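J.: Under the numbering used here, the residue at position 207 of the sequence shown is numbered 210, and the numbers go up by one with no gaps.
Even glycine gets a Cβ: it sits at the ideal position worked out from N, Cα and C.
Fair warning: this is a prediction, and the values are worked out from it, not measured in the lab.
Encoded as structure tokens, here's the structure I'll be asking about.
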Amino acid sequence: KTLKMEKIKVNYKHNNSIAQIILDDGKGNVLDHIMMEELQALLNSYKTNSALKLITFEGAGKHFSFGASVEEHRKEAAAAMLRSFHQLFYTLRDLSIPTVAKISGQCLGGGLELALMCNQMFADKTAKLGQPEVVLGVFPPPASILLPEKIGLSRAEDLLITGRTISAEEGKTFGLLNLLFEDKAELESGTNAWIEQYIVPKSAVALRYAVRAVRSKFN
């Protein structure tokens, strides 16, 4: 069965062992309910795919994602939006397939939370990272758990309380970004080289055990 997708694209590489998921709404790749439902359906389909060794996430165009839809933060829509968003995280956790976020441009709010859920975060120097939810009078539940784990409490509190956006260089200094590249072309080629060196030679089963073990505290 082919999934109908309006706002995401997916490519498969290395004998279908690598899934490249591209957020693509033609603008800022906003994580609205349509995009989240499509991501959820795609990830659900991976529950029975034992051959997958890696999932990568990226944004089409200049930006990774402007974040979750501001309109869907409205009181009547917020609960459903949060449920959908949190289900994505639970599904990624339970799949235990290694994940990489490839970040260019704006990676904010829910967009950064999706990247944070990944095991590795790679970026180019155009990347801008932030959790501006506090400016809207709300807070980001997944980031509040994941950021302290990734970069320590002091730096996490800085980002979560100020809502400020940091540069790719500061993200690398914080330990938020694993690899930093000059531009999007180098991000692409560098990620491909990393995949060929560290992922392709390994067994899908061994990779999942490694992810599950290192993330056991999230269960």
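Counting along the chain, where does the beta strand (DSSP E) carrying Gly113 start and finish?
T.: From DSSP, Gly113 is part of no beta strand (DSSP E) but of the alpha helix (DSSP H) over Gly113 to Leu119.
J.: Please list, in chain order, all residues of the same chain as Leu180 whose beta carbon is under 6 Å from its beta carbon, the five residues on each side excluded.
T.: Same-chain partners within the cutoff: Met124, Ala126 and Gly174.
J.: Label Leu42 either buried or exposed according to how many other C-beta atoms from any shown protein chain fall within 10 Å of its C-beta, with 16 as the threshold for buried.
T.: It is buried - the Cβ of Leu42 has at least 16 other Cβ atoms within 10 Å.
J.: Spatial neighbours of Gln109 within its chain, please: CB distance less than 6 Å, with the 5 preceding and 5 following residues excluded, ordered by chain position.
T.: Taken in chain order, the residues that qualify are His66, Phe69 and Lys131.
J.: Buried or exposed, going by whether 16 or more other CB atoms sit within 10 Å of the CB of Lys4?
T.: Residue placement at Lys4 cannot be trusted, given a pLDDT of 47 that sits under 50; the coordinates are not used to answer.
J.: Please return the same chain residues whose Cβ sits closer than 8 Å to the Cβ of Glu191, not counting the five positions on each side in sequence.
T.: Closer than 8 Å at the Cβ level, and outside the excluded window around Glu191, lie Lys105.
J.: Can you check DSSP and say which residues form a bridge with Val13?
T.: Paired residue(s): Ile24.
J.: For Lys131, which residues does DSSP report across the bridge?
T.: In DSSP, Lys131 forms a bridge with Gln109 and Ser170.
J.: Identify whether Ile58 lies in helix, strand or coil by the three-state DSSP scheme.
T.: Of the three classes helix, strand and coil, the one that applies to Ile58 here is strand, per DSSP.
J.: Buried or exposed: Asn32, going by 16 or more other Cβ atoms within 10 Å of its Cβ?
T.: So Asn32 counts as buried.
J.: Which whole-angstrom value is the C-beta distance of Ser20 and Leu55, which I expect to be below 8 Å?
T.: Confirmed, about 6 Å.
J.: Can you name, in chain order, every residue of its own chain whose Cβ lies under 6 Å from the Cβ of Met8, other than the five neighbours on each side?
T.: These residues qualify, in order along the chain: Glu41.
J.: Going by beta-carbon coordinates alone, are Ile24 and Ile11 separated by less than 8 Å?
T.: Yes, they are a contact pair.
J.: Taking its Cβ as the centre, do 16 or more other Cβ atoms sit within 10 Å of Thr194, making it buried, or is it exposed?
T.: Under this definition Thr194 is a buried residue.
J.: Determine the direct distance from the alpha carbon of Leu119 to that of Ala146, and round the result to whole angstroms.
T.: Rounded to the nearest angstrom, the two C-alpha atoms are 7 Å apart.
J.: Leaving out the 5 sequence neighbours to the left and right, which residues in its chain are closer than 8 Å to Ala209 when beta-carbon positions are compared?
T.: Correct list: empty, nothing qualifies.
J.: Under the rule that 16 or more other beta-carbon atoms within 10 Å means buried, what is Thr51, buried or exposed?
T.: By the neighbour-count rule (16 or more Cβ atoms within 10 Å), Thr51 is not buried but exposed.
J.: Can you look up Ser99 in the DSSP assignment and give me helix, strand or coil?
T.: It is coil, neither helix nor strand.
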